[in-house]
Amino acid sequence: MLRVGLEQKVVVVTGAAAGIGWGIARVCAEWGATVVLADINDASGRAESLCAQGTESIYLPLDVSDAGAIEPFMEEVAGRFGRIDGLVNNAGVTIEGDFLDFDLGNLERLWQVNQRSVFLMCQAAARRMEPGSAIVNIASNHAGASVAGYEMYAATKGAIVAMTRAMAWSLGDRGIRVNSLCPGLTKTEAVAKVAEENPSLAKSFNKMHADNQYNTVEEVGYISAFLLSGCSGALTGSNITADHGLSASLCPTDDLK
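Quick note on this note's numbering: the sequence shown kicks off at 6 and runs consecutively.
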């Protein structure tokens, strides 16, 4: 029988202090997982709030751009809980800039945080995972279609999708599933603040989407939890785009009128 929840599972979520990562951590806890909130920013208060709701959760600091910190981090998680059943690679940075003048330092940071860290986190987690474990790599709908100034950001997100497909085969014999998720515009704390301060922009945000609304962090969280659970047992090497139809449109129809 397929298990709907994540009971008795230990799940690591990176970038869990805020935004999409915090939404994913909350849903994983709601589904019964023990959640390890990993972030460069302090998420101890977030972890305590999940514990207050009856779910075992801890915050462990982690800078995913520090390649040398990842293996010790995973060793600490495995040492504390005796297992790692799920990993959600959500930590990332968004840096835009003029293509002809793009700063090399920013290019390196995008690669280190968005791409290299996903490879190293998956590698370190998989070494400690048992059959039945699952990995979810958070990419972006920029992996499929992007805009000017986001060349390197889009490249790192596209790389996540490509790596995920290969990892599914590398880890399939070990019973570990690997999938990617490409969220579109999501109502994080930062996006909600921008929308509140700019009503006309908020209206435009809605009109970009087929159903006049865009992702909540909880929606992204539920899809992530599903991919971690036994309900998605047939999915590995798959990519899910979750953007309320944004990427299904060639262009805004109003532009054709």
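From the three backbone atoms N, C-alpha and C, an ideal C-beta is built for every residue, glycine too. If you're wondering where the values come from, they're calculated on a predicted model, not measured in any experiment.
DSSP three-state assignment for residue i, whether helix, strand or coil
| i | result |
| --- | --- |
| A43 | strand |
| G226 | helix |
| K14 | coil |
| V32 | helix |
| I245 | strand |
| G177 | helix |
| T60 | coil |
| V166 | helix |
| M6 | Residue placement at M6 is flagged as unreliable, the pLDDT there being 48, under the threshold of 50; a coordinate-derived value is accordingly withheld. |
| I25 | helix |
| L261 | At L261, the pLDDT of 49 sits below 50, so the modelled position is not reliable; the number obtained from the coordinates is stated separately. Residue state, collapsed to three classes: helix. |
| N95 | coil |
| L112 | helix |
Minimum C-alpha distance to residue i - residue among the options
| i | options | result |
| --- | --- | --- |
| F231 | G24, L55, A34 | A34 |
| T99 | A72, G154, S54 | G154 |
| L255 | H214, T241, N95 | H214 |
| G97 | E135, A159, S237 | A159 |
| D103 | I143, R121, V152 | V152 |
| D44 | V225, F78, V141 | F78 |
| Y64 | N146, N142, V17 | V17 |
| A322 | G242, W36, I89 | The requested residue 322 is not part of the displayed model; the chain covers only 6 to 262. |
| G20 | S49, G87, Q13 | S49 |
| G121 | E156, E135, G149, T169 | Note on residue identity: the sequence assigns Arg, not Gly, to residue 121. Looking at the Cα atoms, T169 is the closest of the given residues. |
| E80 | T39, R133, S70 | R133 |
| P229 | L42, K162, S54, V141 | First, the amino acid is wrong: residue 229 is Ser here, not Pro. Of the listed residues, the one whose Cα sits closest to S229 is V141. |
| L42 | N94, V196, E135 | N94 |
| A139 | T60, L176, N211 | L176 |
Span of the alpha helix (DSSP H) around residue i
| i | result |
| --- | --- |
| V4 | The question about residue 4 has no answer, for the chain in this structure spans 6 to 262. |
Beta-carbon separation (whole angstroms), residue i vs residue j, contact threshold 8 Å
| i | j | result |
| --- | --- | --- |
| L92 | C127 | 7 Å |
| S70 | R114 | 7 Å |
Every unbroken alpha helix (DSSP H) within the stretch 180-233, with a cutoff of 4 residues, ordered by chain: Counting whole runs of 4 or more residues, the stretch 180-233 contains the alpha helix (DSSP H) stretches 194-202, 204-212, 222-233.
Counting only runs of 4+ residues fully inside the stretch 117-146, write out the alpha helix (DSSP H) ranges in chain order. Runs found: 122-131.
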